[in-house]
Amino acid sequence: MHKSILAALITAILSAVLVWFSAYLGLPFWMCLLGGAASFAIPKSGLAGLLTTLLTTLLGVLFGVLLLKGTPLLPHFAYQREILIGLLVFILYLSTRAGLLAFFTGSVIGFAVLVASQGNWMIVCQALVIGVLFGFIAKSLNQLVAGENIK
């Protein structure tokens with residue numbers, strides 16, 4: 192079997208299992224899939240990639256909470272939410288200078304999922320962690336199939 196077909200099959204099967212597992216746990220499957228997508232998007236592999244993906248997606252969730260909790264505390268003025276989002280994204284981007292947080296895409300995914308879920312951070316954290324773990328497994332298996340060395 193061609194390596195790319197096998198990799199696609201592995202990814203498809205694990206995605207289907209992830210969707211089933213998220214439904215079993217009562218978690219929105221789209222959140223889990225975005226966590227898995229973050230695992231595939233990170234250029235690092237192995238445990239360093241897993242740790243960075245987990246930390247950055249959860250940091251994004253924290254910043255999403257700051258947005259949702261902080262907006263009502265600000266005095267009302269035009270574009271307050273937009274200004275706060277700009278400030279938070281600026282800080283998130285600066286955080287990528289830290290070694291384990293050097294994955295802006297993961298932070299944006301966590302931030303966006305939290306905001307889209309209207310602030311249900313417990314559900315979001317569970318879904319993203321499960322998705323990141325499934326994505327890590329799928330990416331690692333695909334690297335093994337391709338004959339790449341996993342660190």
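All you need for this note's numbering is the position in the sequence shown, starting with 1, plus 191.
All C-beta atoms, glycine included, are put in the ideal place defined by N, C-alpha and C.
All figures in this text were calculated on a predicted structure; none of them were measured in a lab.
Check	Outcome
Check whether M222 and L319 have beta carbons under 8 Å apart	yes
Buried or exposed (CB count within 10 angstroms, at least 16 for buried), A337	exposed
Classification of T243 by the beta-carbon crowding that lies within 10 angstroms, buried from 16 upward	buried
Closest residue to L209 among G227, G310 and V315 (Cα-Cα distance)	G227
Under 8 Å between C-beta atoms of L275 and T262	yes
Inter-residue spacing [alpha-carbon to alpha-carbon] between S230 and F327	6 Å
Whole-number beta carbon distance between A239 and T296, since they are thought to touch under 8 Å	With 8 Å as the limit, T296 and A239 do not qualify as a contact, their Cβ atoms being about 16 Å apart.
Range covered by the alpha helix (DSSP H) that runs through Q309	No alpha helix (DSSP H) holds Q309; DSSP gives it neither H nor E.
S206 in three-state terms, based on DSSP	helix
Coarse secondary structure for K235, derived from DSSP in three states	coil
Same chain, Cβ closer than 8 Å to I282, neighbours up to 5 away in sequence not counted	F254
Backbone secondary structure at L259 - three-state DSSP	helix
Check: L279 C-beta below 7 Å from any heavy atom of the ligand GTP	Inclusion of the ligand GTP in the displayed structure is not the case, the ligand content being empty and no account of it being possible.
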